[in-house]
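Q:
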Amino acid sequence: RFIYVYDQYKVQKSRGYAPVPFIFSSNGRAFFLDTGFMTSVKLDRSEIALRVYTRGCPIEDTEIHIWEKGSPLKAIEEIYSVSKPCTPPLWALGPWLSANQWNSQKKVMGVLDETVKHNLPATALVVEAWADEQTFYIFNGAQYDPLPGERNFKLADFRFRDPWPDPAEMIRKLHAKGIRLILWQIPVMKCFDNSDPQPAVDIQYGSSKGYFVKNEDGSDYKIPPARWHEENVVIDFYNDEAAKWWASKREYLIKELGVDGFKTDGGEHLWGRDTFTAAGSAALTRNTFPEKYFQTSASILSEDGALFSRAGYTRSPAYSLFWVGDEDSTWEALRDNITAGLNVSISGNPFWGWDIAGFSGEIPSAELYKRSVELAVFTPIFQLHSEDPGDPVPSSERTPWNISRAYNDQSIIDYYRRFASLRMTLSPYIHRESLHAAQMGRPLTLPLFLIEKENDPEELSYMFGRGMVVSPSVDEETKIRKLILPEGEWINLWNGETYSDTVILHGNRNEVYLRKGSIIPLSIPSDESLFGTNWSQQETGLLHVGKEWPKDIGELKRTGKAKRMARIIGNEQGIIKIEWRDIQ
4 RFIYVYDQYK VQKSRGYAPV PFIFSSNGRA FFLDTGFMTS VKLDRSEIAL RVYTRGCPIE
64 DTEIHIWEKG SPLKAIEEIY SVSKPCTPPL WALGPWLSAN QWNSQKKVMG VLDETVKHNL
124 PATALVVEAW ADEQTFYIFN GAQYDPLPGE RNFKLADFRF RDPWPDPAEM IRKLHAKGIR
184 LILWQIPVMK CFDNSDPQPA VDIQYGSSKG YFVKNEDGSD YKIPPARWHE ENVVIDFYND
244 EAAKWWASKR EYLIKELGVD GFKTDGGEHL WGRDTFTAAG SAALTRNTFP EKYFQTSASI
304 LSEDGALFSR AGYTRSPAYS LFWVGDEDST WEALRDNITA GLNVSISGNP FWGWDIAGFS
364 GEIPSAELYK RSVELAVFTP IFQLHSEDPG DPVPSSERTP WNISRAYNDQ SIIDYYRRFA
424 SLRMTLSPYI HRESLHAAQM GRPLTLPLFL IEKENDPEEL SYMFGRGMVV SPSVDEETKI
484 RKLILPEGEW INLWNGETYS DTVILHGNRN EVYLRKGSII PLSIPSDESL FGTNWSQQET
544 GLLHVGKEWP KDIGELKRTG KAKRMARIIG NEQGIIKIEW RDIQ
């Protein structure tokens with residue numbers, strides 16, 4: 004299999020947006036090839052055959068790490084010590100909303116109105132179609148007097164018009180509802196015929212300074228025909244001055260407008276054998292290019308900001324969160340997305356999500372949508388997204404109100420509200436476990452077969468942090484599943500029953516188990532329901548997983564933030580029934 008960053012639109016299979024040259028075995032033997040070159044690996048029982056494709060370039064500063072750690076978990080810790088993943092801000096662990104067709108302030112405000120109307124939580128909103136599609140730092144429709152290429156715009160330099168008449172007011176309204184704004188980015192620059200003057204000025208200046216990726220003859224490289232963003236120049240982030248220049252153009256978005264992060268799409272743009280960056284041939288830099296792109300983008304974010312990316316390589320998690328790629332709204336794609344997420348999680352990249360119920364093609368069935376929403380509660384990033392198939396009527400949005408309208412089924416909105424609210428309630432637990440994952444090198448979503456070897460990897464069961472086990476249901480038809488729980492007793496989140504050892508699952512529900520005796524930090528709504536709608540992500544309560552109160556509540560009083568504690572006393576309306584008491 005080839006290990007290189009590749010833009011495979013849908014049905015990725017053996018190709019990957021964010022591969023890592025890291026392999027380990029069940030006995031803990033592992034190796035990691037620290038190189039930017041494309042590699043391939045062939046495995047059999049007696050040997051590992053490794054090939055490095057240098058395209059005639061000398062191999063320098065390439066290291067092969069061989070680890071004999073005795074267990075897969077120890078080997079995984081080693082790759083985490085290399086990737087050094089950043090920890091998501093708390094807001095990034097709530098529900099995200101996104102759709103490519105939101106191409107105006109009016110549409111974004113319409114989304115905000117829908118969330119209020121239907122009483123739905125959201126902590127992030129992604130806008131992809133916001134820019135002029137040339138500079139990717141100027142709002143579409145904005146008027147301005149062009150500046151020399153070395154100078155940067157301030158907010159006051161723009162006279163905003165439709166479709167984005169007042170971005171600052173839009174962001175203020177989103178923030179007032181607790182929603183952070185993420186704007187889409189791409190590491191290319193374009194200049195359309197008869198366009199506004201600034202794109203041409205910037206490209207001319209960047210070219211004169213050597214800020215773009217080059218061809219072998221020194222001319223500016225352009226993305227080849229039939230590739231995404233064909234015939235356009237690519238920023239050379241290996242050139243420090245180019246990186247600073249590109250980032251400085253976007254500073255007003257963060258510092259003046261209050262944008263909270265970027266969806267740093269793309270990064271798979273270095274094609275051909277005669278393509279060069281400041282660090283050398285693209286044969287060496289193709290894979291590591293996304294890392295430089297993300298590092299540059301992250302340099303201008305606020306301390307509480309975040310990137311959300313698709314492409315990547317070994318050290319990309321140090322700068323960004325990820326989604327696992329573009330997929331159709333099918334059951335097969337759901338399985339592929341979860342498989343991809345678990346795969347990246349054991350390769351040093353713990354914070355991943357997917358486009359819930361798929362982003363492309365026909366809208367998902369009601370059952371696929373509900374099942375996906377439910378499962379997304381127990382994955383690192385909870386995010387809806389959809390492509391724009393040409394301003395369709397009806398809409399292709401994967402928002403709950405749009406899916407509800409498509410099927411004339413109010414229960415879809417109610418179902419989404421229920422589980423998005425549960426996600427908000429669990430945010431403190433997910434945040435605590437995210438910190439642990441980043442600090443200790445243990446995946447937030449850890450495939451269960453690495454703990455209990457008798458589990459079938461095809462079942463996709465995993466631990467979600469240290470206190471939960473998730474058994475996904477990713478098949479349309481009801482399928483009998485076998486789950487072998489880790490040592491100890493586990494309480495089912497839905498029915499409150501206690502289980503241990505082997506569990507045979509007959510239904511099509513995503514099953515979730517809580518480790519008995521563990522403490523789960525929660526954000527408790529005022530009505531004290533795990534599905535409550537008075538949302539906050541702040542830790543205000545603790546769930547003791549068991550039917551008895553813990554013996555040392557005094558210790559919790561001294562060390563915890565929470566003022567209340569709950570225990571499990573049964574089940575009610577499809578989830579554990581809990582009883583609360585004050586601990587402070």
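Using the working numbering, you'd call the opening residue of the sequence shown number 4 and step up by one each time.
C-beta atoms are modelled at their ideal positions from N, C-alpha and C, and glycine is treated no differently.
Could you pull out every unbroken beta strand (DSSP E) segment of at least 3 residues lying fully inside the region 286 to 320, listed in chain order?
A: DSSP runs (the beta strand (DSSP E)) wholly in the region 286 to 320: 309 to 312.
Q: Using the C-alpha atoms, what's the distance from Ile359 back to Leu184?
A: Cα-Cα distance, rounded: 19 Å.
Q: In this structure, how does DSSP classify Asp339 when only helix, strand and coil are distinguished?
A: It is helical.
Q: Which term fits Gly113, buried or exposed, when burial requires 16 or more other beta carbons within 10 angstroms of its beta carbon?
A: Exposed: under 16 other Cβ atoms inside 10 Å.
Q: Buried or exposed: where does Ser68 fall if 16 or more other Cβ atoms within 10 Å of its Cβ makes it buried?
A: Sequence inspection shows His at residue 68; the Ser mentioned does not correspond to that position. So His68 ends up on the exposed side.
Q: For Val23 and Ser350, I'd like the C-alpha separation in whole angstroms.
A: The straight-line gap from Cα to Cα measures roughly 7 Å.
Q: Determine the closest residue to Asn1 out of Ile487, Ser464, Pro227, with distance taken between C-alpha atoms.
A: Residue 1 falls outside the range modelled here, since the chain spans only 4 to 587, and no answer is possible.
Q: Taking C-beta to C-beta, are Ile415 and Pro403 nearer than 7 Å?
A: Yes, these two residues count as a Cβ contact at 7 Å.
Q: Mind checking Thr505: buried by the 16 CB within 10 Å criterion, or exposed?
A: The residue in question, Thr505, is exposed, as its Cβ has fewer than 16 Cβ neighbours within 10 Å.
Q: With three or more C-beta pairs closer than 8 Å as the rule, is the region 441 to 458 touching the region 81 to 90?
A: The answer is yes - the region 441 to 458 touches the region 81 to 90, with three or more Cβ pairs under 8 Å.
Q: For Pro553, which residues in the same chain have their Cβ closer than 6 Å to its Cβ, ignoring the five residues on either side in sequence?
A: His547, listed in sequence order.
Q: Apart from the five residues just before and just after Pro202, which ones in its own chain have a Cβ nearer than 8 Å to its Cβ?
A: For Pro202, where only same-chain residues beyond five positions count, the Cβ hits under 8 Å are Asp135, Gln137, Thr138, Met192, Lys193, Cys194, Phe195.
Q: What is the rounded straight-line gap between the Cα of Val111 and the Cα of Trp99?
A: Computed Cα separation, rounded: 13 Å.
Q: Do the CB positions of Glu400 and Gly361 come within less than 7 Å of each other?
A: No, the Cβ-Cβ distance between Glu400 and Gly361 is not below 7 Å.
Q: Tell me whether the beta-carbon of Glu461 lies closer than 7 Å to the beta-carbon of Trp334.
A: Taking 7 Å as the Cβ cut-off, Glu461 and Trp334 do not qualify as a contacting pair.
Q: Where are the alpha helix (DSSP H) runs, 4 residues long or more, that stay fully inside the region 400 to 488, in chain order?
A: List check, alpha helix (DSSP H) in window: 403 to 410, 414 to 443.
Q: By Cβ distance, which residues of its chain are closer than 6 Å to Lys266, with the 5 residues on each side in sequence left out?
A: Hits under 6 Å: Val129, Ile185, Trp187, Phe311.
Q: Could you give the C-beta distance for Val380 and Leu425, rounded to a whole number, given that I count them as a contact under 8 Å?
A: Indeed, because the Cβ distance is near 6 Å, the residues count as touching under 8 Å.
Q: Use the C-beta contact count for Asp555: other C-beta atoms within 10 angstroms, 16 or more gives buried, fewer gives exposed.
A: Exposed, since its Cβ has fewer than 16 Cβ neighbours within 10 Å.
Q: For Ile174, which residues of its own chain have a beta-carbon under 8 Å away from its beta-carbon, when the five flanking residues on both sides are left out?
A: Leu184, Leu260, Gly261, Val262.
Q: Give me the DSSP bridge partner(s) of Tyr214.
A: Per DSSP, none; premise fails for Tyr214.
Q: Quick one: using the 10 Å Cβ neighbour count with 16 as the cut-off for buried, is Arg421 buried or exposed?
A: Answer is buried; the Cβ neighbour count reaches 16.
Q: Do you know whose CA, among Ala78, Glu50, Val8, Gly59, lies nearest Phe35's CA?
A: Of the candidates Ala78, Glu50, Val8, Gly59, the one whose C-alpha sits nearest the C-alpha of Phe35 is Ala78.
Q: Could you check where the alpha helix (DSSP H) with Ala113 kicks off and where it finishes?
A: According to the sequence shown, residue 113 is Gly rather than Ala. Residues 108 to 120.
Q: By DSSP, does Trp274 sit in helix, in strand, or in coil?
A: Coil, per DSSP.
Q: Once DSSP output is grouped into helix, strand and coil, what is the label at Lys373?
A: The answer is helix: DSSP assigns Lys373 an H, G or I state.
Q: Bridge partners for Ser363 per DSSP, in chain order?
A: According to DSSP, which records beta bridges pairwise, Ser363 is partnered with Asp331.
Q: Report all residues from its chain with a CB closer than 6 Å to the CB of Asn511; omit the five preceding and five following residues, and keep chain order.
A: Ser476, Thr481.
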